[in-house]
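Residue numbers (our numbering), protein chains in the order written: chain H, 70 to 363; chain P, 70 to 363; chain L, 1228 to 1456; chain A, 1228 to 1456.
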Amino acid sequence: MAIKVDYVARETFSNLKRNALMTAAAVLTVAVSLALVGSALLVRQAVSRATTQWKGGVELSIFMNPDATADEISTIDRQVHDMPEVKKVTYVDHTAAYDEFVRIFRDSPEFKESIQTPDQLPPSFRVVPQKAELVDSVGQRFVNGAGVRQVVYARDTIKTILKVTRFVTTFLWIVALVALMAASLLILNTIQLAIFARRREVGVMKLVGATNWFIRVPFMMEGLIQGLIGAAAAVGLMIGLRPFVQGQLKHIQLLQQFFVTSSQVLGTGLILLVLGSVIGAAGSAVAVTRFLDV
Amino acid sequence: MAIKVDYVARETFSNLKRNALMTAAAVLTVAVSLALVGSALLVRQAVSRATTQWKGGVELSIFMNPDATADEISTIDRQVHDMPEVKKVTYVDHTAAYDEFVRIFRDSPEFKESIQTPDQLPPSFRVVPQKAELVDSVGQRFVNGAGVRQVVYARDTIKTILKVTRFVTTFLWIVALVALMAASLLILNTIQLAIFARRREVGVMKLVGATNWFIRVPFMMEGLIQGLIGAAAAVGLMIGLRPFVQGQLKHIQLLQQFFVTSSQVLGTGLILLVLGSVIGAAGSAVAVTRFLDV
Amino acid sequence: MIRLEHVSKTYKGTTAALRDLSVDIAKGEFVFLVGPSGSGKSTFLRLLTKEERPDDGRIWVAGKDIAHLSSWKVPFLRRNIGCVFQDFKLLPNKNVFENVAFALEVIGRPKHVIVSQVPQILDLVGLAKKRDNLPTELSGGEQQRVSIARAFVNRPLILLADEPTGNLDPSTSEGIMRLLDRINRTGTTVLMATHDRSIVDRMRRRVIELDHGQLVRDQARGVYGVATN
Amino acid sequence: MIRLEHVSKTYKGTTAALRDLSVDIAKGEFVFLVGPSGSGKSTFLRLLTKEERPDDGRIWVAGKDIAHLSSWKVPFLRRNIGCVFQDFKLLPNKNVFENVAFALEVIGRPKHVIVSQVPQILDLVGLAKKRDNLPTELSGGEQQRVSIARAFVNRPLILLADEPTGNLDPSTSEGIMRLLDRINRTGTTVLMATHDRSIVDRMRRRVIELDHGQLVRDQARGVYGVATN
Ligand SMILES: Nc1ncnc2c1ncn2[C@@H]1O[C@H](COP(=O)(O)OP(=O)(O)OP(=O)(O)O)[C@@H](O)[C@H]1O
Ligand SMILES: Nc1ncnc2c1ncn2[C@@H]1O[C@H](COP(=O)(O)OP(=O)(O)OP(=O)(O)O)[C@@H](O)[C@H]1O
Ligand SMILES: [Mg+2]
Ligand SMILES: [Mg+2]
């Protein structure tokens, strides 16, 4: 037997209205719980963006001999530019190397004085590979190049960054999962309690001849709507708080990379809405089924 | 009229048993919520410990002239050691400075070759002040000391670390507060719903002549016990998960400072227990009062 | 229409609510179920709707062996049976109109049928003016009449009424009994548990008397009882 | 003992549950409250326990003007009044013994009193064997008797009984009426709303009849009514 749409709609809305306290309780729980999940997801995305940036900053330097010929230099230059794994190349000539040397050792004059002319310093290529993982293989190509004196990697830095990134990402996945589980538990809990308060009603419906689905569907719709409203509130909270948090983060150099785009926020919001409605509807269905055996 | 202890005890325990579903729901909510609050508090403590350590690592260097006399050096040595603001001093002589220079520029041989003998490098004092904030004032004392060539601060590093620390601490305070508010909301919510399911019972008690306190006290005891059990579960969770998380963190150099002591865990646990019982008891009292007006 | 064979039912902690009961009720009969408080009348009625399961014995309702009815068919069994419950069992969140309409919605009746039939039956039980009240806003007798209206409204094959006049004054009771009688004349089998001596004595229909769960009397055109007072 | 002066009560959505009612009941009286379903009997009783507030008029119970009773004193008013509710109002989570004992615990009676008095009163209403059952595990009449036992057990000054025999068979009813009579003879004022013609006619006590919330008859040694059937 098909269940009539207008019956379900009427039933759902009058129940939402009549059980205002329970509706409020369920919506609140969904909102708080999903806000938690959403935050975990967003932080995770921000971290992954920030680490990509940091990783992108990982580079290698190909130092030429101070007396390398222009020919040798331009050969290397061409080879580097032709590699698809390379994202960016900068050529640092004698003068630039000296300027940088001076800048780095501004506070340590004793080093500065040890180098008198730019020619003492070797020119070099700064190479940024597409991925941090490619640093090794790119460098290997040039170790024995003509006029190349040495290839220098930021090995330790890379390793640390990769480690930290892997840890933080795993950690935040776990946080998001735990948050999701906690949220589901709390939401189911609330729905269970709300339907528990109406168990006699369910029993009476059965005694009057209602089929299980006839009773279940309005409850599921109710749960779905509660879940949806709760999720919408959570999304609203996230969108509302973003400018504030972002504003705080701007002040800190290290954390400037640490932000999420609007589309990420919207994507996460969509996930929350889907989660909210699914948990709401499925939770109600499960909870009401416990009392259907009359 | 005094309310009898044995009445309250009997009432409380038989209610906890008879309303098993609601008890479970309330305990679960308290446990999940307080675990959240507890985690936020612990992370905050770990961060504050880690930043103290990092800040403790902030130092300044007093570079002597490469040709400073032994007299000049020992005068500075004595002065630095006498300052109460100073935590730790290390003297880096010519040889040590050269060793470090070689180590730092291991990957950049072109620099290494510019310094030929240890005597070219100046000896220095590494000074760690008691607090990162004192770096400036300590350094100021020696700028014009005899034989002192220059005082070098890690100014930018200090500033960044201080900023990050201040931000992270504030951020975690906010997270803990929000978690606490969310937890309170969820717990009150659950209690409210549970008592809502028993509103008729409360009404009947009133009609039979029970005073408000006669009804309220067993409900409060019930809430207190639910809160206590929930908080205990949260504490158990925290204690149980600590070795695992700590184990994960050990693998990462940067985050090795990032841990909490057992006493901090116990302190936080105590806070949670108090919070759980207070929220449980007070929440029940408030929730039941709504239905006492018969 | 209704047949019980050697039916027994014991709730936990009760000596026995029903013991070895065998009863046969034909289509179109009007039967009073009498007996002292706690003698098993409500249990008897609850077995017919599968609200309770017998420990022993077999039960046929409308030609079906309900012991072997798969649980998804139970709602369809119940739609053939109108039930006036002793404790009314109204839906607390629905008003009078919606409570009665619910019995029609459950069997998928279209809206125009609901809109025409419900006010009619509410009129019949004298509750036309209370159609928008919630059950908590009704007097005891009014709640009972809503329960009666709901049981009647979908013209069931069988009508089970558990003390349908317990909270009604004599003249309202009489109105309800006339209604029951009218429904019975259209072919509905009526089984009514009651304590109301004057109604039973006046109607002179078949009387089944239970005592401590046992059948102690089954009398065509019977009276309430032989007890004096 | 009980005095109402020009009391009116209108629920939202009702024309009027009580209209300008004035009644005076002396200590030790036994009064039947009769009237058709929905005439305001339960409302009358609910006003006396401050379960409802009158819109108008004044009410004295046990010498106190209950319109001006501060709300923390209401429980103490109620302890002087035993109440048999039409819908029983048993505590669903407590068994029979505990439900009855609760009325004694509320007024701080010591344990030995409870342990001796409760079984006694349960015996009196014929429920000694059901003392450990929960309300949902009782028949309708048994629930009603628990409600009666709870109202009696603390020997109140006033006993309000709202159709206390609605779910009881005639012989159990008679037992309850004998009990009520006995209690009344010890000085308790009894006010009983009922639809049971035979009880009222047999007892010949004062009868107050309501109709549509108005007092239509107040008769010493009266009968149920003049309606014929
Ligand atoms: N759910 C239950 N659990 C345990 N015992 C029960 C349950 N329901 C009924 N009983 C017991 O079974 C017996 C028969 O109950 P039933 O409700 O059938 O009586 P009844 O004839 O309807 O009585 P009344 O006229 O008072 O309504 C009673 O002794 C009752 O206490
Ligand atoms: N809470 C309420 N809200 C609105 N109307 C109410 C409420 N309680 C009672 N009424 C109405 O007030 C009128 C009197 O109700 P009351 O319960 O006093 O009647 P009664 O004499 O006890 O009837 P019965 O014999 O059926 O129990 C009825 O019409 C009823 O519908
Ligand atoms: Mg019964
Ligand atoms: Mg009434």
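All residues carry an ideal CB built from backbone N, CA and C; glycine is no exception.
query	result
Heavy atom of ligand 6 within 7 Å of Lys1268(A) beta-carbon	Absence of ligand 6 from the depicted structure is noted, with ligand 1, ligand 2, ligand 3 and ligand 4 being the only ligands included.
Any chain L beta carbon closer than 8 Å to Arg87(H)	yes
Pair within 8 Å by beta-carbon distance, Ser1269(A) and Ala1420(A)	yes
Neighbourhood of Val304(H) by C-beta distance below 6 Å, restricted to the same chain and skipping five residues each side	Gly338, Leu341
Other residues of its chain near Leu1407(L): CB distance less than 8 Å, five sequence neighbours each side excluded	Phe1257, Leu1386, Ala1388, Pro1391, Val1417, Met1419
Beta-bridge pairing of Arg1285(A) - partner residues as DSSP gives them	Glu1232(A)
Cross-chain neighbours of Val1352(L) in chain H, by beta carbon under 8 Å	Result: empty, since nearest Cβ-Cβ is about 17 Å, beyond 8 Å.
Three-state secondary structure assigned by DSSP to Ile256(H)	helix
Residue span of the beta strand (DSSP E) that contains Asp162(P), given as start and end	No beta strand (DSSP E) holds Asp162(P); DSSP gives it neither H nor E.
Gln1344(A): CB within 7 Å of a non-hydrogen atom of ligand 3	no
Neighbour flag for Thr280(H) against chain L, beta carbons, 8 Å	yes
Gln1313(A) Cβ short of 7 Å to ligand 1 heavy atom set	no
Asn1360(L) Cβ short of 7 Å to ligand 2 heavy atom set	yes
6 Å Cβ shell around Met1442(A) - same chain, five flanking residues per side excluded	The identity of residue 1442(A) in the sequence shown is Leu, whereas the question assumes Met. Taken in chain order, the residues that qualify are Leu1248.
DSSP beta-bridge partners of Arg1429(A)	Partner(s): none; Arg1429(A) has no beta bridge.
Buried versus exposed call for Asp1396(L) [16 or more other C-beta atoms within 10 Å across all chains shown]	buried
Contact with chain L by Val273(H), beta-carbon distance below 8 Å	yes
Rounded straight-line distance, which links the Cα of Val1352(L) to that of Gln1446(A)	30 Å
Paired residues, beta bridge with Gln315(H) - DSSP	DSSP output for Gln315(H) lists no bridge partner at all.
Amino acids of chain A, ordered along the chain, whose beta-carbon sits closer than 7 Å to that of Leu1395(L)	Ser1264, His1422
Proximity below 8 Å, CB of Ala279(H) to CB of Pro1337(L)	no
Opposing strand residues paired with Gln114(H) [DSSP bridges]	Beta-bridge pairing links Gln114(H) to no other residue.
N-terminal and C-terminal residue of the alpha helix (DSSP H) that Ser353(P) is part of	331–358
Segments of 3+ residues assigned as beta strand (DSSP E) that fall wholly inside the segment 1241–1265 of chain L	1245–1252, 1257–1261
Other residues of its chain near Ala94(H): CB distance less than 7 Å, five sequence neighbours each side excluded	Thr259, Ala263
is_contact[Gly1449(A), chain L] using C-beta, thresh 8 Å	no
Under 7 Å from the C-beta of Asp1314(A): neighbouring residues of chain C	Here chain C cannot be found, since the structure's protein chains are H, P, L and A.
Exposure of Leu103(H), with buried meaning 16 or more beta-carbon neighbours within 10 Å	buried
Closer than 8 Å to chain L by CB, Val247(H)	no
Per-residue contacts from Asn1360(L) into chain A (C-beta, under 7 Å)	Gly1240
Secondary structure of Phe194(H), DSSP reduced to three states	strand
Within chain L, the residues that Thr1399(A) reaches when beta carbons sit closer than 8 Å	Pro1263, Ser1264
Gly1368(L), enclosing alpha helix (DSSP H) - first and last residue	1367–1380
Cβ pair count under 8 Å reaching 3, the segment 1320–1333 of chain A against the segment 1375–1383 of chain L	no
Top-ranked residue by Cα proximity to Leu105(P), from Ile348(H), Val247(H), Asp362(H), Leu110(H)	Val247(H)
Close beta carbons around Val1234(A), own chain, < 8 Å, minus the five adjacent residues each side	Leu1245, Asp1247, Leu1248, Ser1249, Leu1274, Pro1281, Asp1283, Gly1284, Arg1285, Ile1286
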